[in-house]
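Reviewing the structure listed below.
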Amino acid sequence: MPKKVYTGTVIKDLMEKTVTVAVSELTQHPLYKKTIKRTKKLKAHDEKNECKKGDTVVVMESRPISKTKNWVVIKRTD
0 MPKKVYTGTV IKDLMEKTVT VAVSELTQHP LYKKTIKRTK KLKAHDEKNE CKKGDTVVVM
60 ESRPISKTKN WVVIKRTD
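Under numbering that gives the first Met the number 0, the sequence shown has 55 at position 56, and the numbering climbs by one with no breaks.
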């Protein structure tokens, strides 16, 4: 099974080697058919501590690194 890859924005960079990334998606309500914006907050591993708040990053699913960290930053796109 392929690993999930998302593009999101860094919203918090206060931890060592960890960033919090907000990933937004537009979905349609099943009954009312209205478009809804949903946001997920993911904790991602940033090995070099190079991501800053506001950066756009690509994250990929990985093995569990800690209790809540299951994602790895692949690259920064500015």
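The beta carbon of each residue, even a glycine, is placed where N, CA and C say it ideally should be. Bear in mind that the values here come from a model prediction, so they are computed numbers and not experimental data.
Exclusion of the five residues before and after residue 28 leaves 35 as the residues of its chain whose Cβ lies within less than 7 Å of its Cβ.
Residue 4 holds the alpha-carbon nearest to the alpha-carbon of residue 24 among 4, 11, 12. Only residues of its own chain outside the window of five on either side were considered, and among them 9, 10, 11, 12 have a CB closer than 8 Å to the CB of residue 52, listed in chain order. Per DSSP, the continuous beta strand (DSSP E) segment holding residue 12 begins and ends at 4-14.
Classified as buried, residue 19 has 16 or more neighbouring CB atoms from the shown chains inside 10 Å of its CB.
The beta carbon of residue 44 sits closer than 8 Å to those of 16, 17, 61, 64, 68, 70, 71, 72, all from its chain and outside the five residues before and after it, given in chain order. Around residue 57, the same chain offers 6, 73, 74 as residues with beta carbons nearer than 6 Å, after the five sequence neighbours per side are excluded.
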